[in-house]
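**Q**
Residue numbers (the numbering used here), protein chains in the order written: chain C, 2 to 263; chain L, 379 to 729.
Here's what the structure looks like:
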């Protein structure tokens, strides 16, 4: 165990945070992902763009273990996690947010974040109630603060505005010691002001936390990443910097549409 | 909500997570007092056959309520776990069936029986937790039915069709625990402990995580929780609640036989929990008291109306139907929605 941890620690910074090789996923006869090979450095922030059905969310689901790829390997900081159960991946520092907020509507904001902190702690099966100065509770409060939700900390999640739920979704992904985030359309349904806030939160993350972000809104996506991968029909179609992608005429034709580039 | 209370709640000294626990309401203290003083005014019949039985059935139904209400898993195996514990006490301890019973002293037989029943409940859970909804019900019902038929056919260990008679509560500390008053307190004590354990656990990290898994298992896995292990642990905890109740039920009846763990009693436990209300741990006890009263007095009522006394099942069934149709959250739900608001009318606005 100790050796495994030492290996993981020494691997940090030397190997890629995420290393996908030939990842393929079939749903029946439909190839949702075909031979996806992708590597992301630790701390790198990358957008995955593509039209609906391009396989972006399927790719995220394979990385987090929501379902297993049909073939191919997935390495996380050098470790082969292809067949790990989801919770084992999370305990290694991988985190994700969902396109449609998956929150606990009947619990308060603070309890939601507390659960997220608990999930990556040793107290998961504890029968002792947390004390007022419980470290997990303290870190939950700090996270609630980090995503600007202090004012609604004790409200039930079901009572929150959509934008606040999206912020909470992000807080859940930041619990514990995340090393890499997978963000599935964090800006979906946000107002322009909320989008600006999201960009601020993402750009304010510690530099060692890298992420892959799926986002339809170019104004958000291209402002919070240093590299872009384009997907089309389950395959990787193009890779480059935001500037290259924005300038690419083929891409403009396909995804950015007319009247963009202001 | 105004700005001031919010700022106050966010202040470092406050503990929002414990606020839900609050204090015990006055009505709770009155109830506890009445239950404790019951032997001073109630007859032996009421103490044992009404309240003793209701506490025992309520505790078994509580273990179902815990799994269903907080874990989202409707388990029909809880009566079987309780019956298993009863069988173990009869087999390991003393009974009228001397050629089978091992005659262990109660202080050894009872803990061993509880441990074995918890193991049985945990294994049943391990089989059931990978399924959801109707399939959980089917698997646990299948285990319950298999155990019922097994006890009926197995003569060498489970005593076959007749089971074990003469299984009695022990005598210790100079108290004969089979006497009505001590036995009443024994049943009350375990019911109260089981209720307290559930109330405590659902606010502890384990219980909070269990409710998270009930609402959103996929998300919980994505937060680092081992959903399967957590659910199995919930079954183990529920079995720990049900097992002592099963032993008390065996002592109450003086016997354990296949009829105790038959499909009828298995369904009855579900009916009790649903009629009482799956939302809170007190619900199963309300349901159990009503069930016991109906079983005892509906017969007389039916006979008085010129119907067969055997029709009490019909009355219980109708009660179940009415509950499911008009108050899916049970009698407790009726209370919360209609009666309590009226009682607390002028006190509103405190939240």
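Even glycine gets a Cβ: it sits at the ideal position worked out from N, Cα and C.
Quick one: list the residues of chain C neighbouring residue 583(L), beta-carbon separation under 9 angstroms, in chain order.
**A** Those are 115, 116, 119, 122, 124, 125, 126, 127, 128, 129, 130, 131 and 137, listed as they occur along chain C.
**Q** Nearest by alpha-carbon distance to residue 41(C): which of 229(C), 147(C), 235(C) and 124(C) is it?
**A** Checking every option, the nearest Cα to that of residue 41(C) belongs to 229(C).
**Q** Can you look up residue 475(L) in the DSSP assignment and give me helix, strand or coil?
**A** Coil, per DSSP.
**Q** When the Cα of residue 700(L) is compared with those of 420(L), 655(L), 719(L) and 686(L), which residue comes out closest?
**A** Taking only the C-alpha atoms, the option nearest residue 700(L) is 655(L).
**Q** Check each candidate in 519(L), 417(L) and 431(L) and name the one with the smallest Cα separation from residue 642(L).
**A** When each option's Cα is compared against that of residue 642(L), the closest is 519(L).
**Q** Any idea if residue 433(L) is buried or exposed, counting beta-carbon neighbours within 10 angstroms, 16 or more meaning buried?
**A** With 16 or more other Cβ atoms within 10 Å, it is buried.
**Q** Would you identify the three-state DSSP class for residue 711(L), choosing helix, strand or coil?
**A** It is helical.
**Q** I'd like to know whether the C-beta atoms of residue 59(C) and residue 34(C) end up nearer to each other than 8 angstroms.
**A** Cβ atoms of residue 59(C) and residue 34(C): closer than 8 angstroms.
**Q** State yes or no: is the beta carbon of residue 260(C) nearer than 8 angstroms to at least one beta carbon in chain L?
**A** Confidence at residue 260(C) is low in this model, with a pLDDT of 44, below 50, so the placement of that residue should be treated as unreliable; the coordinate-derived value is given next. Residue 260(C) does not count as touching chain L.
**Q** Using C-beta distances below 7 angstroms, list every residue in its chain close to residue 636(L), excluding the 5 sequence neighbours before and after it, in chain order.
**A** Excluding positions up to five away in sequence, the list reads 526, 529, 530, 539 and 541.
**Q** So that I know if they touch, is there some Cβ in chain C lying closer than 8 angstroms to that of residue 598(L)?
**A** For residue 598(L), the answer is yes, since a Cβ of chain C falls inside 8 angstroms of its Cβ.
**Q** Does the separation of the CB atoms of residue 83(C) and residue 71(C) fall below 8 angstroms?
**A** Contact: no.
**Q** Under 7 angstroms between beta-carbons, which chain C residues line up against residue 604(L)? List them in chain order, please.
**A** Correct list: 88.
**Q** Helix, strand or coil for residue 633(L), going by three-state DSSP, please let me know.
**A** It is a strand residue.
**Q** Contact defined as beta carbons within less than 8 angstroms: I believe residue 118(C) pairs with residue 176(C). What is the distance between those atoms, to the nearest angstrom?
**A** Residue 118(C) to residue 176(C), Cβ: 5 angstroms. Contact.
**Q** For residue 210(C), would you say it is in contact with chain L, using Cβ-to-Cβ distances shorter than 8 angstroms as the test?
**A** So, not an interface residue.
**Q** Does DSSP put residue 453(L) in a helix, in a strand, or in coil?
**A** It is coil, neither helix nor strand.
**Q** Tell me which residues of the stretch 569-581 of chain L have at least one Cβ-Cβ distance to chain C shorter than 7 angstroms, keeping chain order.
**A** Listed in sequence order: 579 and 581.
**Q** Suppose contacts are defined by Cβ-Cβ distances below 8 angstroms. Is residue 603(L) in contact with residue 180(C) by that definition?
**A** No, they are not a contact pair.
**Q** Are the stretch 95-112 of chain C and the stretch 616-635 of chain L touching by the rule of at least three beta carbon pairs closer than 8 angstroms?
**A** Cβ pair count under 8 angstroms is below three, so no.
**Q** Taking the continuous alpha helix (DSSP H) assigned at residue 67(C), which residues delimit it?
**A** Neither: residue 67(C) is in no alpha helix (DSSP H) and is coded neither H nor E.
**Q** Taking DSSP as the reference, what is the three-state secondary structure of residue 1(C)?
**A** Outside the displayed range of chain C (2 to 263) lies residue 1(C), so it cannot be described from this structure.
**Q** Determine the direct distance from the alpha carbon of residue 573(L) to that of residue 161(C), and round the result to whole angstroms.
**A** Their Cα atoms are separated by approximately 33 angstroms.
**Q** Out of 64(C), 224(C) and 189(C), state which residue places its alpha-carbon closest to the alpha-carbon of residue 100(C).
**A** The candidate whose alpha carbon is nearest that of residue 100(C) is 189(C).
**Q** Put residue 239(C) into one of helix, strand or coil per three-state DSSP.
**A** Looking at residue 239(C) - three-state DSSP - the assignment turns out to be strand.
**Q** Please classify residue 608(L) as buried or exposed, where buried requires at least 16 neighbouring CB atoms within 10 angstroms.
**A** By the neighbour-count rule (16 or more Cβ atoms within 10 Å), residue 608(L) is buried.
**Q** With DSSP as the reference, label residue 153(C) as helix, strand or coil.
**A** Correct three-state label for residue 153(C): helix.
**Q** May I ask you to report which of helix, strand or coil DSSP gives residue 163(C)?
**A** Looking at residue 163(C) - three-state DSSP - the assignment turns out to be helix.
**Q** By DSSP, does residue 720(L) sit in helix, in strand, or in coil?
**A** In this structure, residue 720(L) counts as helix in the three-state DSSP scheme.
**Q** Quick check on residue 185(C): does DSSP put it in helix, strand or coil?
**A** Reduced to three states, the DSSP call for residue 185(C) is strand.
**Q** Apart from the five residues just before and just after residue 626(L), which ones in its own chain have a Cβ nearer than 7 angstroms to its Cβ?
**A** Cβ neighbours of residue 626(L) beyond the five flanking positions: 434, 564, 565 and 568.
**Q** Please report the straight-line C-alpha distance between residue 139(C) and residue 155(C), rounded to a whole angstrom.
**A** Between residue 139(C) and residue 155(C), the C-alpha separation is close to 14 angstroms.
**Q** Excluding the five sequence neighbours on either side, which residues of its own chain have a C-beta within less than 6 angstroms of the C-beta of residue 215(C), listed in chain order?
**A** Contacts found: 49, 57, 185 and 186.
**Q** What number of angstroms, rounded off, separates the C-alpha of residue 399(L) from the C-alpha of residue 581(L)?
**A** Low local confidence applies: a pLDDT of 43 at residue 399(L) is under 50, so the model's placement there is unreliable, with the coordinate-based value given in what follows. Roughly 8 angstroms separates the two Cα atoms.
**Q** Kindly indicate if chain C contains any beta-carbon less than 8 angstroms away from that of residue 711(L).
**A** No, residue 711(L) does not count as interfacial toward chain C.
**Q** For residue 500(L), which residues of its own chain have a beta-carbon under 7 angstroms away from its beta-carbon, when the five flanking residues on both sides are left out?
**A** Cβ within range, chain order: 610, 613, 614 and 617.
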